[in-house]
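Residue numbers (this note's numbering), protein chains in the order written: chain A, 3 to 183; chain B, 51 to 224.
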């Protein structure tokens, strides 16, 4: 009797002695297997697999053809996604930029304009002309709307940036000394 | 083409090695030969489809037993529409009657009573009992098959053995 048999028998004697005696007598289930059952089992299984395979067009599990097709469709999806994103950006960016240019009140929130001295204002104007709010220009620098040729945001035209830059350049030229602010 | 012929040959060899032990295990779970045939075929179809994914972290027969056990439990759940935790009250008596008429069962009254007692166990507990009592499997191997701790398996087996003991002694068979 091997080690595992002895172990199981000892275990049963402790918990279920009747069952242990039963086991000693080899009282195992006497199932009869139909004649030649195992001779044909493999054929039956493989036939079932073939019929499933032809129904689903698989050849072998995870065949190369299937994997190639999957890779190709992933590529196409990636290309389509890139195209959609690019189109969206091309459409969206000019709109965003135009609303930016139309004086919708974009001011650099990190700068406290009330603390700027005259020299700083000049620097700001020179370095970031297109980011200035029209109101700031008129309030702080006395640049008139007429001088800016500024249109209302809903009527903003594409050349407003050019007009603004020209106005700023002109203003700076004419008012070059800090004392003039 | 050559690859698929080799694969089929290998698969047939695997089947010839393990079909009888897995059939016995399935039969102990589902009782009826026709049902055991369905379970064992489904088991080997799953093995065929997933053999490439076998990671060799456990022994092959452990993996095969796990598939067979899961297929048997799934089959029983679908057939009975009972959750596996419920006790099949009355299933044993019904099974005893079935066994009497079953041409593929050659047991005496005692063996019939034993089978009747086993049939009363919940499906998972029956699997544990069969693996230990009939297949003589160590708890460590059973743990990999049932994906349960050794402690839980011991408790389940002991509980099952005591239930069967009570059944046998109550029926005055021995």
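Note that CB positions come from ideal geometry on N, CA and C, so glycine has one too. None of the values given here were measured: they were computed from a predicted structure.
So residue 99 of chain B packs on residue 117 of chain B, CB below 8 Å; how close in whole Å? Actually they do not touch by this definition, with Cβ atoms about 11 Å apart.
Nearest CA to the CA of residue 167 of chain B: which residue from B:124, B:111, B:81? B:81
Contact set between the stretch 166-181 of chain B and chain A, restricted to residues whose Cβ is under 7 Å from the partner: Cβ contacts with chain A come from no residue of the stretch 166-181 of chain B.
Touch test, the stretch 177-192 of chain B against the stretch 200-208 of chain B, Cβ-Cβ under 8 Å, three pairs minimum: yes
Counting C-beta neighbours from all protein chains within 10 Å, is the total for residue 36 of chain A 16 or more, i.e. buried, or is it exposed? exposed
With residue 215 of chain B and residue 20 of chain A assumed to form a contact (beta carbons below 8 Å), what rounded beta-carbon distance in angstroms separates them? 5 Å
Please confirm if residue 42 of chain A has its CB atom under 8 Å from at least one CB of chain B. no
Below 9 Å on C-beta distance, what does residue 87 of chain A contact in chain B? The premise fails here: residue 87 of chain A is roughly 36 Å from chain B at the closest Cβ pair, so nothing lies under 9 Å.
On the CB-based measure, 16 or more other CB atoms within 10 Å of its CB, does residue 119 of chain B come out buried or exposed? Buried, by the Cβ-count rule.
Give every residue of the same chain whose Cβ lies closer than 7 Å to the Cβ of residue 65 of chain B, excluding the five residues on either side of it in the sequence, and list them in chain order. If we look at residue 65 of chain B and ignore the five residues flanking it on each side, its Cβ neighbours are 94.
Would you tell me roughly how many angstroms separate the C-alpha atoms of residue 175 of chain A and residue 119 of chain A, rounded to the nearest one? 19 Å
Please go through the same chain and pick out, in chain order, the residues whose beta-carbon is closer than 6 Å to the beta-carbon of residue 59 of chain B, but skip the five residues on each side of it. Its chain contains no residue whose beta carbon lies nearer than 6 Å to that of residue 59 of chain B once the 5 sequence neighbours on both sides are disregarded.
In the DSSP assignment, the alpha helix (DSSP H) including residue 94 of chain B goes from what residue to what residue? 83-100
N- and C-terminal bounds of the alpha helix (DSSP H) containing residue 215 of chain B: Per DSSP, the continuous alpha helix (DSSP H) segment holding residue 215 of chain B begins and ends at 200-220.
Residue 70 of chain B touches chain A at which residues, Cβ-Cβ below 9 Å? In chain order, 35, 40 make up the part of chain A whose C-beta sits under 9 Å from the C-beta of residue 70 of chain B.
Within chain B, the residues that residue 46 of chain A reaches when beta carbons sit closer than 7 Å: 91
Counting only C-beta atoms, is residue 55 of chain B closer than 8 Å to chain A at any point? no
Of all Cβ atoms in chain B, is any one closer than 8 Å to the Cβ of residue 24 of chain A? yes
Does the CB of residue 20 of chain A have a neighbour CB from chain B at under 8 Å? yes
Whether residue 71 of chain B touches residue 121 of chain B by CB criterion (8 Å): no
Hey, residue 50 of chain A and residue 69 of chain B: beta-carbon distance below 8 Å or not? No; because the gap between Cβ atoms is not below 8 Å, this pair is not in contact.
Give a yes or no on whether the C-beta atoms belonging to residue 17 of chain A and residue 212 of chain B are separated by under 8 Å. It is a contact, given that the beta carbons lie within the stated cut-off.
Am I right that residue 44 of chain A and residue 62 of chain B are in contact with their C-beta atoms under 8 Å? What's the rounded C-beta distance? Indeed they touch by this definition, with Cβ atoms about 5 Å apart.
Own chain, CB closer than 7 Å to residue 185 of chain B, minus 5 neighbours either side, in chain order: Excluding sequence neighbours, residue 185 of chain B sits near 75.
According to DSSP, simplified to helix, strand and coil, what is residue 33 of chain A? strand
Would you mind sorting residue 179 of chain B into buried or exposed? The rule is 16 or more other CB atoms within 10 Å of its CB. Residue burial annotation: residue 179 of chain B is buried, with at least 16 other C-beta atoms found within 10 angstroms of its C-beta.
Spatial neighbours of residue 81 of chain A within its chain, please: C-beta separation below 8 Å, excluding the five flanking residues on both sides. none
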